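In my numbering, the protein residues as written are 116 to 410. Accompanying notes for the structure given below.
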Ligand SMILES: NC(=O)c1ccc[n+]([C@@H]2O[C@H](COP(=O)([O-])OP(=O)(O)OC[C@H]3O[C@@H](n4cnc5c(N)ncnc54)[C@H](OP(=O)(O)O)[C@@H]3O)[C@@H](O)[C@H]2O)c1
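In structure tokens, the structure reads:
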């Protein structure tokens with residue numbers, strides 16, 4: 116099976132690239148904006164006309180949550196129009212697509228329990244709106260998997276985990292928000308889950324009747340925390356002296372509004388794909404062991 120990975124230089128794409136060597140029976144084509152801009156219909160069509168692709172994993176996205184407030188057009192171009200171009204190719208060439216979405220499609224006002232996939236989506240940020248726009252397009256394709264994930268981090272790219280490590284190495288005290296509750300997701304764990312689903316899809320053709328379940332799935336690590344708790348654990352693990360000071364969202368002005376509560380229920384993905392999920396603390400420790408922070 117030949118798998119196209121778009122946005123392969125991002126943190127998730129790079130984690131998939133790292134584990135791809137464990138999947139010798141798949142052929143991977145890793146692309147990013149420099150060689151396959153998903154918003155350019157002509158190049159994407161040319162690419163699909165000249166490569167036989169059996170499966171798409173779309174990691175390409177505009178992911179700057181605050182930037183999207185003032186760059187809505189660009190965010191929409193990548194997260195909606197680009198996704199439509201890929202969706203058209205998926206339909207035309209009958210290759211399924213795994214598409215990544217976000218907990219920021221939820222408004223965070225549920226409070227009583229973690230979100231299930233069928234809960235109402237009502238994004239409160241421009242980024243969340245564009246990601247929901249992308250989901251709506253993908254949902255029109257027969258063979259799609261949407262994975263809503265949250266608070267993604269890795270030893271690659273820019274993310275909260277690395278930012279806190281760098282700041283804590285330099286400062287005596289950092290203010291971190293405690294009234295936004297969610298779950299961090301180690302991009303390596305997500306990459307493993309994506310490959311497990313992809314393998315399951317590939318294996319389903321070896322049986323007479325494929326019972327592969329397309330659809331929308333929530334995925335993050337297990338457990339619940341605030342950004343403050345996450346930062347506290349990073350600093351503790353790194354054995355740094357920096358004090359983490361809990362503050363309220365209202366005292367840390369950012370362009371984009373974020374949900375106060377976006378914990379997701381992962382029962383569906385665990386049951387359908389027989390997945391065990393690690394607690395976020397365990398995964399953070401693994402990421403820590405693999406990360407070399409240049410301060
Ligand atoms: N990061 C999070 O906290 C988070 C949370 C929830 C969900 N997600 C979702 O998870 C997925 C993966 O996120 P990530 O953190 O790995 O993102 P990322 O690190 O920002 O990677 C996205 C990649 O897509 C590339 N890209 C941008 N525009 C493109 C285009 N027109 N054509 C092809 N590639 C393009 C980016 O290139 P440039 O860097 O050059 O722009 C980057 O290499 C995304 O769908 C994101 O929305 C992320």
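Each residue gets a CB set at the ideal place from its N, CA and C atoms; glycine is no exception. On a predicted model such as this, the values are computed, not experimentally measured, just so you know.
Exercise for the section: Reducing DSSP to helix, strand and coil, say where residue 402 ends up. Expected result: helix
Problem - Residue from 260, 325, 316, 390 whose Cα sits closest to the Cα of residue 304 - result: 390
Problem - Nonlocal neighbours in the same chain, by C-beta distance under 6 Å from residue 345, ignoring five residues either side - result: 299
Practice task
Can you say whether residue 180 is buried or exposed, counting buried as having 16 or more other CB atoms within 10 angstroms of its CB?
Solution key: buried
Problem - Euclidean distance between Cα positions of residue 263 and residue 217 - result: 4 Å
Exercise for the section: Indicate whether the contact test is met: 3 or more Cβ pairs, each with one atom in the region 340-358 and one in the region 272-289, closer than 8 Å. Expected result: yes
Practice task
Would you list, in sequence order, the uninterrupted alpha helix (DSSP H) runs of no fewer than 4 residues that lie entirely inside the region 269-315?
Solution key: 275-285
Exercise for the section: Mind checking who residue 212 pairs with in its DSSP beta bridge? Expected result: 171, 259
Problem - Assigned secondary structure, residue 148 (DSSP; H/G/I helix, E/B strand, else coil) - result: coil
Practice task
Assign residue 306 to one of two classes, buried (16 or more other C-beta atoms within 10 Å of its C-beta) or exposed (fewer than that).
Solution key: buried
Exercise for the section: Would you verify that the beta carbon of residue 160 is, or is not, closer than 9 Å to some beta carbon of chain C? Expected result: Absent from the structure: chain C. Only one protein chain is present.
Handout entry: Rounded straight-line distance, which links the Cα of residue 383 to that of residue 276
Key = 27 Å
Handout entry: Cβ pair count under 8 Å reaching 3, the region 237-255 against the region 189-198
Key = yes
Practice task
In angstroms with no decimal places, state the Cα-to-Cα distance between residue 132 and residue 144.
Solution key: 10 Å
Practice task
Taking residue 206 as the reference, give the member of 251, 153, 256 with the closest Cα.
Solution key: 256
Exercise for the section: Run the proximity test for residue 241: is its beta-carbon closer than 8 Å to any non-hydrogen atom belonging to ligand 1? Expected result: no
Handout entry: Pair within 9 Å by beta-carbon distance, residue 162 and residue 313
Key = no
Practice task
Flag this pair as yes or no: are the beta carbons of residue 125 and residue 376 separated by less than 9 Å?
Solution key: no
Exercise for the section: Check each candidate in 311, 388, 387, 396 and name the one with the smallest Cα separation from residue 137. Expected result: 311
Handout entry: Residue span of the alpha helix (DSSP H) that contains residue 127, given as start and end
Key = 126-134
Practice task
My understanding is that residue 334 touches residue 327, with C-beta atoms under 8 Å, so please give their C-beta distance in whole angstroms.
Solution key: With a Cβ gap of about 17 Å, residue 334 and residue 327 do not count as contacting.
Practice task
Look at the alpha carbon of residue 158 and the alpha carbon of residue 366, and state the distance between them as a whole number of angstroms.
Solution key: 45 Å
Problem - Bridge-paired residues (DSSP) for residue 330 - result: 260
Problem - Buried or exposed by the 16-neighbour rule on C-beta atoms within 10 Å, applied to residue 250 - result: buried
Exercise for the section: Give a yes or no on whether the C-beta atoms belonging to residue 209 and residue 166 are separated by under 9 Å. Expected result: no
Exercise for the section: Apply the 10 Å Cβ neighbour rule to residue 119 and answer buried if 16 or more other Cβ atoms are within range, or exposed otherwise. Expected result: buried
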